[in-house]
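Numbering (the working numbering), first residue to last: 4 to 282.
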């Protein structure tokens with residue numbers, strides 16, 4: 004099998020199994036396309052017993068690659084050394100499953116105590132260097148308050164985002180980066196003022212600005228499936244007055260009413276006469 008054919012084959016396998024991050028590195032590594040792939044132990048290859056077994060027993064032989072895990076005494080050219088390999092792969096997966104369970108237990112205990120689970124301070128706040136609790140960042144808090152006032156006055160999230168962009172107000176991620184050096188997966192240094200309606204909408208629905216901590220809003224399905232599962236509010240843990248509020252309750256309630264009853268505009272920027280009616 005040629006170098007190009009190997010790459011296409013492994014990319015196809017990755018697409019089917021969703022096993023991308025580790026094997027993107029392997030596809031691009033010179034070592035992968037040599038006759039040997041040597042690692043310290045099986046866990047360095049992966050901790051999913053099905054995927055790891057698939058590559059060792061089927062894919063690597065198909066690619067003409069000899070796989071060796073030194074500490075686990077695994078060598079695909081020696082059938083005798085591979086007798087315990089399935090059990091070692093099973094233990095490697097059990098280890099990550101057990102670690103995940105312990106982390107979930109710790110996070111659940113913190114959530115039940117009312118401790119905030121987020122690592123970064125939300126826009127409008129910063130962390131006290133000593134206590135690590137949320138304190139007000141007055142510069143950003145002024146923007147948060149203004150967003151709520153604009154919404155209470157009838158402006159929708161997209162309209163507010165356009166205003167902030169026009170006025171060249173730094174986005175939350177860009178603000179955190181420029182002022183505190185904090186990076187974020189959504190950081191876009193090429194568009195520092197590119198506010199989105201979704202960002203504004205999320206802020207308008209975030210009880211953090213009332214001074215409340217809301218835990219267990221979402222979770223992942225398992226240590227294998229990282230997709231987020233949103234929980235209804237009645238299943239969340241709500242702790243009031245855990246930090247300074249940026250928004251008064253009256254303003255919050257007004258904004259929620261406005262957003263709930265907001266009449267949507269048609270493409271002609273005219274209100275649909277049936278919008279907001281319940282049949």
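Built from N, CA and C at the ideal position, the CB exists for glycine as well.
Same chain, Cβ closer than 7 Å to residue i, five either side skipped, listed in chain order
{"i": "residue 24", "result": "In this prediction, residue 24 scores a pLDDT of 48, lower than 50, which makes its location untrustworthy; the coordinate-derived value is nonetheless stated afterwards. Closer than 7 Å at Cβ, skipping near neighbours: no residue."}
{"i": "residue 257", "result": "155"}
{"i": "residue 272", "result": "Caution is warranted here: a pLDDT of 45 is assigned to residue 272, below 50, making its placement in the model unreliable, and the coordinate value is therefore given only provisionally. If we look at residue 272 and ignore the five residues flanking it on each side, it has no Cβ neighbours."}
{"i": "residue 144", "result": "127, 249"}
{"i": "residue 103", "result": "226"}
{"i": "residue 245", "result": "117, 214, 215, 216"}
{"i": "residue 181", "result": "173"}
{"i": "residue 146", "result": "172"}
{"i": "residue 19", "result": "Note that residue 19 scores a pLDDT of 37, beneath 50, so its modelled location is shaky and nothing firm can be said."}
{"i": "residue 120", "result": "110, 113, 114, 218"}
{"i": "residue 254", "result": "151, 155"}
Cβ shell of residue i (< 6 Å), same chain only, five flanking positions each side left out
{"i": "residue 130", "result": "124"}
{"i": "residue 179", "result": "185"}
{"i": "residue 231", "result": "221"}
{"i": "residue 68", "result": "40"}
{"i": "residue 33", "result": "With a pLDDT of 46 at residue 33, under the threshold of 50, the modelled position of that residue is not reliable, and the figure given next carries that caveat. None."}
The alpha helix (DSSP H) enclosing residue i, as first and last residue numbers
{"i": "residue 114", "result": "88-115"}
{"i": "residue 158", "result": "Note, residue 158: premise wrong, no alpha helix (DSSP H); not H, not E."}
{"i": "residue 253", "result": "252-264"}
{"i": "residue 40", "result": "From DSSP, residue 40 is part of no alpha helix (DSSP H) but of the beta strand (DSSP E) over 39-42."}
{"i": "residue 181", "result": "175-183"}
{"i": "residue 54", "result": "52-57"}
{"i": "residue 207", "result": "200-207"}
{"i": "residue 65", "result": "63-66"}
First and last residue of the uninterrupted beta strand (DSSP E) at residue i
{"i": "residue 138", "result": "137-139"}
{"i": "residue 230", "result": "No beta strand (DSSP E) contains residue 230, which DSSP labels as neither H nor E."}
{"i": "residue 128", "result": "128-130"}
CB contact flag (residue i, residue j, <7 Å)
{"i": "residue 284", "j": "residue 196", "result": "Outside the modelled stretch of the chain, which goes from 4 to 282, sits residue 284, for which no answer is possible."}
{"i": "residue 240", "j": "residue 114", "result": "yes"}
{"i": "residue 93", "j": "residue 52", "result": "yes"}
{"i": "residue 80", "j": "residue 44", "result": "no"}
Closest residue to residue i among the options (Cα-Cα distance)
{"i": "residue 139", "options": "174, 106, 213", "result": "213"}
{"i": "residue 40", "options": "54, 53, 50, 58", "result": "58"}
{"i": "residue 91", "options": "255, 66, 103, 77", "result": "77"}
{"i": "residue 96", "options": "112, 47, 115, 71", "result": "47"}
{"i": "residue 226", "options": "99, 234, 63, 72", "result": "99"}
{"i": "residue 49", "options": "64, 80, 89, 38", "result": "89"}
{"i": "residue 235", "options": "243, 224, 219, 242", "result": "219"}
{"i": "residue 170", "options": "190, 187, 149", "result": "149"}
{"i": "residue 188", "options": "176, 53, 121, 238", "result": "176"}
{"i": "residue 42", "options": "65, 73, 60, 63", "result": "73"}
{"i": "residue 194", "options": "108, 173, 208, 181", "result": "173"}
{"i": "residue 141", "options": "79, 247, 45", "result": "247"}
{"i": "residue 252", "options": "238, 233, 207, 71", "result": "207"}
{"i": "residue 56", "options": "38, 80, 85", "result": "85"}
{"i": "residue 106", "options": "223, 242, 233, 259", "result": "223"}
8 Å CB neighbourhood of residue i in its chain, flanking five on each side removed
{"i": "residue 205", "result": "none"}
{"i": "residue 261", "result": "154, 155, 157"}
{"i": "residue 276", "result": "Note on residue 276: pLDDT 44, under 50, position unreliable in the model; no value is reported."}
{"i": "residue 209", "result": "125"}
C-beta neighbour in chain B for residue i, strict 7 Å
{"i": "residue 83", "result": "No chain B is part of this structure, which consists of one protein chain only."}
Quiz item: Counting Cβ pairs closer than 8 Å, one from the stretch 158-178 and one from the stretch 190-204, do we hit at least three?
Solution: yes
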